[in-house]
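Here the structure comes first, spelled out in structure tokens, and everything after it is commentary.
Numbering (the numbering used here), first residue to last: 309 to 635.
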């Protein structure tokens, strides 16, 4: 416990054949705060739930409970692409897609089912993720029930954890998340490893694993942040997701940060962990950026934009978005 935030480390939310899956929960001092579920990045094959930007600080500053969740990582042999990221000593259980998505949805349901035990309000849940975690956060937001991912994955989906609880999400924040796998037909790299082959071999898997495919008028509002010079996940991913939200009539805000690469660095060789991501993002609030906001008004209603002041990309923009959507 800190002066402001209570921390519950290593809560087991699921037991898989490959091992236990855990989450860390950060609670602000307020009564029944809303819940943010953080999904870490690492190319679906690396990192752990500790790869989260200062959760104790932001739980207190945003007055939100934050749960950083583990999910089964892709089992990629060290001899294949991604070996520089693969850590054989990482204790996180491993599996194959869609295990990652199944686990994130299981964590959301478990957190809803156990809200009263820990003292947060899980009626309104936001997901937040970066890179591969951004992909999973977006996918969890636009696919309400884990079994709705698509026929290409029908035999690989399970709902064994808190099956009576809802896995639906009411808002999503994505940092440079992969949103449309149909952008590439690469036969090498991490995406073919995750999805079992190239897009030409498995077009349905590529489409159904893409969050943009599942956007509907019932999708929750989104806040997107992406560097225009991203060499790992092209900014076109966020652009396509924003366009799909706008076309569907769903409110969304998209920040494009000029000259910034993946994880908010200027040079891809300088990439560090997401733990310092917020500091990097907020280091220069005057950094050149473009902001696009889709605000939809029902007939006879008044516009209610997600962000009225449009602060620079960073913690204040996220705070205002969460306050507007789940508080």
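We treat Cβ as the ideally placed atom computed from N, Cα and C, and that holds for glycine. Small disclaimer: the values here were computed from a predicted structure and weren't measured.
### Query
What are the complete alpha helix (DSSP H) segments, minimum 4 residues, inside the region 550 to 587?
none
### Query
Whose C-alpha, out of 410, 413, 380 and 404, is nearest the C-alpha of residue 398?
380
#### Entry: When 369, 375 and 571 are compared against residue 417, the one with the closest alpha-carbon
375
### Message
Between which residues of its own chain and residue 450 is the CB-CB distance below 6 Å, once the five residues before and five after are set aside?
### Response
519, 522, 523 and 527
### Query
Between which two residues does the alpha helix (DSSP H) harbouring residue 416 extend?
407 to 421
### Query
Any idea what DSSP makes of residue 424, helix, strand or coil?
helix
### Query
Which residues share a DSSP beta bridge with residue 541?
Bridge partners of residue 541: none, in fact.
### Query
If we ignore side chains and look at the alpha-carbon of each, how far apart do residue 430 and residue 511 end up?
36 Å
### Query
Does the beta-carbon distance from residue 457 to residue 489 come in below 8 Å?
no
### Query
Are the beta-carbon atoms belonging to residue 486 and residue 503 less than 8 Å from one another?
no
### Task
Using only alpha-carbon positions, find the residue among 344, 545 and 350 that is nearest to residue 579.
350
### Message
Would residue 433 and residue 360 qualify as a contact pair, given that the criterion is a beta-carbon distance under 8 Å?
### Response
no
### Query
How long is the line joining the alpha carbons of residue 581 and residue 608, rounded to whole angstroms?
47 Å
### Distance between beta carbons of residue 615 and residue 601, contact taken as under 8 Å
7 Å
#### Entry: Whether residue 383 touches residue 336 by CB criterion (8 Å)
no
### Task
Tell me where the alpha helix (DSSP H) around residue 513 begins and ends.
511 to 516
### Contacting residues, own chain, Cβ-Cβ under 7 Å from residue 309 (five flanking each side not counted)
At residue 309 the pLDDT is 47, less than 50, meaning the model places this residue with poor confidence; the figure from the coordinates comes in the next sentence. Closer than 7 Å at Cβ, skipping near neighbours: 315.
### Query
residue 334 bridges to which residues according to DSSP?
315 and 374
### Query
Are residue 467 and residue 454 touching if we call contact CB-CB under 8 Å?
yes
### Query
Expressed to the nearest angstrom, what Euclidean distance is found between the alpha-carbon atoms of residue 395 and residue 556?
40 Å
### Query
Do residue 479 and residue 633 have their CB atoms nearer than 8 Å?
yes
### Task
Would you give the residue range spanned by the beta strand (DSSP E) that residue 450 belongs to?
From DSSP, residue 450 is part of no beta strand (DSSP E) but of the alpha helix (DSSP H) over 440 to 450.
### Message
Going by C-alpha to C-alpha distance, which of 333, 481 and 330 sits closest to residue 628?
### Response
481
#### Entry: As assigned by DSSP and simplified to three states, the class of residue 618
coil
### Buried or exposed by the 16-neighbour rule on C-beta atoms within 10 Å, applied to residue 513
buried
### Task
With DSSP as the reference, label residue 469 as helix, strand or coil.
coil
### Query
Taking Cβ positions, are residue 473 and residue 421 nearer each other than 8 Å?
yes
### Minimum C-alpha distance to residue 483 - residue among 495, 541, 327 and 515
541
### Message
Assuming residue 334 and residue 363 are in contact, meaning their beta carbons sit under 8 Å apart, how far apart are those beta carbons, in whole angstroms?
### Response
4 Å
### Message
Could you check whether residue 465 and residue 406 sit closer than 8 Å to each other, using their CB atoms as the reference points?
### Response
yes
### Query
Ordered along the chain, which non-local residues of its own chain (more than five positions away) have a Cβ less than 8 Å from that of residue 583?
358, 359, 360, 361 and 362
### Message
Bridge partners for residue 457 per DSSP, in chain order?
### Response
DSSP output for residue 457 lists no bridge partner at all.
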